[in-house]
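In my numbering, the protein residues as written are 2 to 251. From the three backbone atoms N, C-alpha and C, an ideal C-beta is built for every residue, glycine too. Okay, structure first, notes after.
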Amino acid sequence: MEREQFRKLLLEEKVEVNDNQLDQFDEYYRVLVQWNEFMNLTAITDYSDVLVKHFLDSVSLKYAVDSLAASDEEWGKEFNSLKSIIDVGTGAGFPGLPLKIAFPEYRVLLLDSLNKRVKFLNEVITQLNISDIEAVHSRAEDGARNANYREKYDIGVSRAVANLSTLCEYVLPYVRVGGYFVAYKSGNVDEELENSMKAIKALGGQLVKKFKFNLPETDIERTLLFIKKTGSTPKKYPRKAGLPGKEPIA
């Protein structure tokens, strides 16, 4: 895949980028593949696959919001007014770092429990010369008890592979009341969503939007869940490290 093909795919997803932003995506890819040789960042390393399955997938948030706003303009205005993002369990930086490249106006915090990955993220941030973005080493459960982070962000995102109930306990404590947790999920999520409704409510959230689509150039089914923070998360959440994954709220 050539850069211009990628630009075209981005435009189809309502994302317009300039040459400098395309350069940043290319540099991100270069550092990702370089570091992946000595640490496990991603199983996907082909240039075209990374562009679509990591970068395009990450910024599909814009496509989802614009598509949903077509039938709910007020909601679209509300969501598009949000400007700070925390990406919990970011791994190699997805979706938070591609969102920052595509939409420089966002203030972004990338949170991950593995320090080696945080060092990688800081290297990418340095090479891309971008500001208003920070990578922090912390378990989700611990960071959410830090007053500097708890209920401080407009949007929480996560593309981590985990049960939705678990993800809600990881992410919702970081989201301010009135903000949103956007969960990136694959395949049919209806049963998982139904089994997570108790957790969503207990953590101060409410499902307000759901957007299903196929990731372009692939057979990957995606669902983005928009969970609004309607009330403050009780202080007992998140529970101690490890519990949200072992014993999801049900």
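- Counting the other CB atoms within 10 Å of its CB gives Val53 a total of 16 or more, which places it among the buried residues.
- Collapsing the DSSP output to three states places Leu204 in coil.
- According to DSSP, residue pairing for Asn215 in a beta bridge involves Glu222.
- In this structure, the alpha-carbon of Gln22 lies about 7 Å from that of Ala103.
- By the Cβ test, the segment 76-95 is in contact with the segment 105-120, since at least three Cβ pairs between them sit closer than 8 Å.
- Asn149 and Arg160 have their C-alpha atoms some 23 Å from each other.
- Going by C-alpha positions, Lys236 is about 22 Å away from Ala184.
- C-alpha of Gly180 to C-alpha of Glu152: approximately 9 Å in a straight line.
- For Asp27, the uninterrupted alpha helix (DSSP H) run begins and ends at Asp20 to Asn37, by DSSP.
- Counted as a single uninterrupted DSSP element, the alpha helix (DSSP H) harbouring Asp67 occupies residues Asp58 to Ala70.
- Going by DSSP, Phe80 is part of no beta strand (DSSP E) but of the alpha helix (DSSP H) stretching over Glu74 to Asn81.
- For the set Asp24, Gln25 and Arg8, the Cα lying nearest the Cα of Glu17 is the one of Arg8.
- With a threshold of 16 other beta carbon atoms within 10 Å, Leu168 meets it and is buried.
- When secondary structure is reduced to three states using DSSP, Tyr154 falls in the strand class.
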